[in-house]
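Enquirer: Attaching a single structure in structure tokens format; questions to follow.
Number of protein chains: 2
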Amino acid sequence: MMISTRGRYALRVMVDLAEMATTGYVPMRAVAERQGLSLKYLEQILPVLVKNGYVTGMHGKKGGYRLAKDPAEYRVGDILRLTEGELTPVGCTECGKGSCERAESCRTLPMWNEFHRMVNDYFDGITLADLMQ
Amino acid sequence: MMISTRGRYALRVMVDLAEMATTGYVPMRAVAERQGLSLKYLEQILPVLVKNGYVTGMHGKKGGYRLAKDPAEYRVGDILRLTEGELTPVGCTECGKGSCERAESCRTLPMWNEFHRMVNDYFDGITLADLMQ
DNA sequence: TTTTTTTCCTATCTCTTTAGTAGGTTTATA
DNA sequence: TATAAACCTACTAAAGAGATAGGAAAAAAA
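Order-wise, the sequence lines are chains A and B.
Residue numbering for the first sequence follows the numbering used here, starting at 1 and increasing by one per position.
Residue numbering for the second sequence follows the numbering used here, starting at 1 and increasing by one per position.
Printed below as a string of structure tokens:
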């Protein structure tokens, strides 16, 4: 299983925030309840999104979260890469470095590289706006 | 990481067997050495391929393995599904059953389903023959 | 100024998977 | 009968998945 709950939940949260955009700051407690997810688990995922400027977090009473940009500005690929770590479906294509010394002669590597590209392209072609409504 | 060493090694072994086709039965010891893989680990993977008629195993001296069919007859997808278990990149699309009760209203599920289909189609479109030479 | 409500931070835990190692049994050839 | 191979089964160490838990900091309301 390549995409874990971290990335999937992050995505569901962000779509939820997108759909509740008019309501100002949305407390995560409400999102967790609507989505049937563990609040404590989500609290662990969200600071990453805040730090990278994807959502804005507001402390205290009347606080919560809201999207920092227009839903159409978010690529699903970016959100997944942020929450899951690099989207690397195969060990061979570990980001950047050619980790395998057999790379030159390997019969299967080109296939993995193409797959890696395909996966990232797929998710980069979808925005939060596409997932809404 | 979605595709583990089991499936990747199985594939490399089968391509190796395909390229050594003229040599009769090829002992796994030789394949392991050429590919730089643990013999003991491969010995654990190969019986599955034999049981499903992908390769033929021959006991004893002068024994070894060889492909049961023409390289063009093997789809990479089939080999991976056999050695890895179902190719399910996302928990939501667990084979057959709609495991999630939120399926109806889920904003992200269609994307995961489409992704699941894409992954399987990709690997089903490649044969062992495509990987050779 | 105190209470409440929220984000945020960090530690811990259980279960499963991954990637092997290890040792022995069976089978066929020389 | 010796040898070389497939085959079978158990074990293990490390990592990752999917949380739970407890509390600190901050901001608004009372």
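A virtual CB, placed ideally from N, CA and C, is assigned to each residue, including glycine.
Bear in mind that the values here come from a model prediction, so they are computed numbers and not experimental data.
1) Nearest to A:T5 by alpha carbon, out of A:A21, A:D16, A:S38, A:M28?
2) Helix, strand or coil for A:L137, going by three-state DSSP, please let me know.
3) Is the shortest distance between the beta-carbon of A:V15 and the beta-carbons of chain B less than 8 Å?
4) Can you give me the C-alpha to C-alpha distance between B:E73 and B:K61, rounded to a whole angstrom?
5) With 16 as the cutoff for other CB atoms within 10 Å, does B:A21 come out buried or exposed?
6) Does the Cβ-Cβ distance between A:R8 and B:T23 come in under 8 Å?
7) According to DSSP, simplified to helix, strand and coil, what is A:L67?
8) To be precise: take each residue of the stretch 34-45 of chain B, compare its Cβ to all Cβ atoms of chain A, and keep it if any distance is under 9 Å. Which residues remain?
9) Using the Cβ count rule (16 or more neighbours within 10 Å means buried), how would you classify B:D16?
10) For B:M118, count neighbouring C-beta atoms within 10 Å of its own C-beta (all shown protein chains included) and say buried if the count is 16 or more, exposed if not.
11) Got a sec, what are the start and stop residues for the beta strand (DSSP E) A:V55 sits in?
12) To the nearest angstrom, how far is the alpha carbon of B:H136 from that of B:M2?
13) Which value, in whole angstroms, describes the spacing of the CA atoms of A:Y65 and A:E33?
14) Sorted by chain position, which residues of the same chain lie with C-beta nearer than 7 Å to B:A68's C-beta, five sequence neighbours on each side aside?
15) Looking at the C-beta of B:I126, does it have a partner C-beta in chain A at a distance below 8 Å?
16) Based on Cα-Cα distance, which residue from B:M14, B:F115, B:L80, B:P71 lies nearest to B:G91?
17) Please report how far the alpha carbon of B:R12 lies from the alpha carbon of B:I79, in whole angstroms.
18) Can you tell me whether B:I3 is helix, strand or coil according to DSSP?
19) Based on Cα-Cα distance, which residue from B:F123, B:P110, B:E104 lies nearest to A:M111?
20) Output yes if chain A places a C-beta closer than 8 Å to the C-beta of B:V50; else output no.
21) For the alpha helix (DSSP H) containing B:Y41, name the first residue and the last one.
22) Distance, Cα to Cα, A:L82 vs B:L42?
23) Work out the CA separation of A:A10 and A:V48 for me, nearest whole Å.
24) Distance, Cα to Cα, A:S105 vs A:M28?
25) So that I know if they touch, is there some Cβ in chain A lying closer than 8 Å to that of B:V90?
26) From B:K40, B:A129, B:Q133, B:T88, pick the residue whose C-alpha is nearest to that of B:N120; which is it?
27) At least one CB of chain A closer than 8 Å to the CB of B:Y74: is that the case?
28) For a contact meaning CB atoms closer than 9 Å, what does A:L82 contact in chain B?
Expert: The short version:
1) As a working mapping, residue 5 of chain A is identified with position 5 in the first sequence. Comparing Cα-Cα distances from A:T5 to each of A:A21, A:D16, A:S38, A:M28, the minimum goes to A:S38.
2) Here chain A covers residues 1 to 133 and nothing more, so residue 137 of chain A does not appear.
3) Against the first sequence, residue 15 of chain A aligns to sequence position 15. Cβ-Cβ to chain B under 8 Å: yes for A:V15.
4) Counting from 1 along the second sequence, the entry for residue 73 of chain B is found at position 73. Counting from 1 along the second sequence, the entry for residue 61 of chain B is found at position 61. B:E73 and B:K61: Cα-Cα distance of roughly 29 Å.
5) By 1-based counting over the second sequence, the position of residue 21 of chain B is 21. Counting Cβ neighbours within 10 Å, B:A21 comes out exposed, since fewer than 16 surround it.
6) Within the first sequence, the letter at position 8 stands for residue 8 of chain A. Within the second sequence, the letter at position 23 stands for residue 23 of chain B. No, Cβ-Cβ distance for A:R8 and B:T23 is not below 8 Å.
7) Counting from 1 along the first sequence, the entry for residue 67 of chain A is found at position 67. If DSSP states are grouped into helix, strand and coil, A:L67 belongs with the strands.
8) The residues in question are Q35, G36.
9) In the second sequence, residue 16 of chain B corresponds to position 16, counting from 1. A residue is called buried once 16 or more other Cβ atoms fall within 10 Å of its Cβ, and B:D16 is buried on that count.
10) Here residue 118 of chain B corresponds to residue number 118 of the second sequence, with the count starting at 1. Exposed, since its Cβ has fewer than 16 Cβ neighbours within 10 Å.
11) For the purposes of this step, residue 55 of chain A is taken as the residue at position 55 of the first sequence. Per DSSP, the unbroken beta strand (DSSP E) holding A:V55 starts and ends at 55-58.
12) Not covered by the structure: residue 136 of chain B. The range shown for chain B is 1 to 133.
13) Counting from 1 along the first sequence, the entry for residue 65 of chain A is found at position 65. Counting from 1 along the first sequence, the entry for residue 33 of chain A is found at position 33. Straight-line measurement puts the Cα of A:E33 at about 15 Å from the Cα of A:Y65.
14) Translated into the one-based positions of the second sequence, residue 68 of chain B becomes position 68. The residues are G53, Y54, V55, T56.
15) In the second sequence, residue 126 of chain B corresponds to position 126, counting from 1. So yes, B:I126 belongs to the interface.
16) Position 91 of the second sequence, counted from the first residue, corresponds to residue 91 of chain B. Per the Cα distances, B:F115.
17) Walking along the second sequence from the start, residue 12 of chain B turns up at place 12. Walking along the second sequence from the start, residue 79 of chain B turns up at place 79. CA-to-CA, the gap between B:R12 and B:I79 works out to about 11 Å.
18) Translated into the one-based positions of the second sequence, residue 3 of chain B becomes position 3. In the structure shown, B:I3 adopts extended strand secondary structure according to DSSP, grouped into three states.
19) The count along the first sequence starts at 1 and reaches residue 111 of chain A at position 111. Looking from the CA of A:M111, the closest CA among B:F123, B:P110, B:E104 belongs to B:F123.
20) For this step, residue 50 of chain B is matched to residue 50 along the second sequence. Judged by the 8 Å Cβ criterion, B:V50 is not in contact with chain A.
21) The residue labelled residue 41 of chain B in the question sits at position 41 within the second sequence. Looking at the DSSP string, the run of the alpha helix (DSSP H) that includes B:Y41 is 39-51.
22) Counted from its first residue, the first sequence places residue 82 of chain A at position 82. Counted from its first residue, the second sequence places residue 42 of chain B at position 42. Rounded to whole angstroms, A:L82 to B:L42 spans 35 Å at the Cα level.
23) Within the first sequence, the letter at position 48 stands for residue 48 of chain A. Within the first sequence, the letter at position 10 stands for residue 10 of chain A. Cα to Cα, the separation comes out at about 10 Å.
24) For this step, residue 105 of chain A is matched to residue 105 along the first sequence. For this step, residue 28 of chain A is matched to residue 28 along the first sequence. When rounded, the distance between both Cα atoms is 51 Å.
25) The sequence position of residue 90 of chain B within the second sequence is 90, counting from 1. It does: the Cβ of B:V90 has a partner Cβ on chain A nearer than 8 Å.
26) The residue given as residue 120 of chain B occupies position 120 in the second sequence. Of the candidates B:K40, B:A129, B:Q133, B:T88, the one whose C-alpha sits nearest the C-alpha of B:N120 is B:T88.
27) Counting from one through the second sequence, the residue named residue 74 of chain B turns up at place 74. Chain A contact via Cβ: absent.
28) For the purposes of this step, residue 82 of chain A is identified with residue 82 of the first sequence, where counting begins at 1. Within 9 Å Cβ-Cβ: nothing; A:L82 doesn't reach chain B, min ~16 Å.
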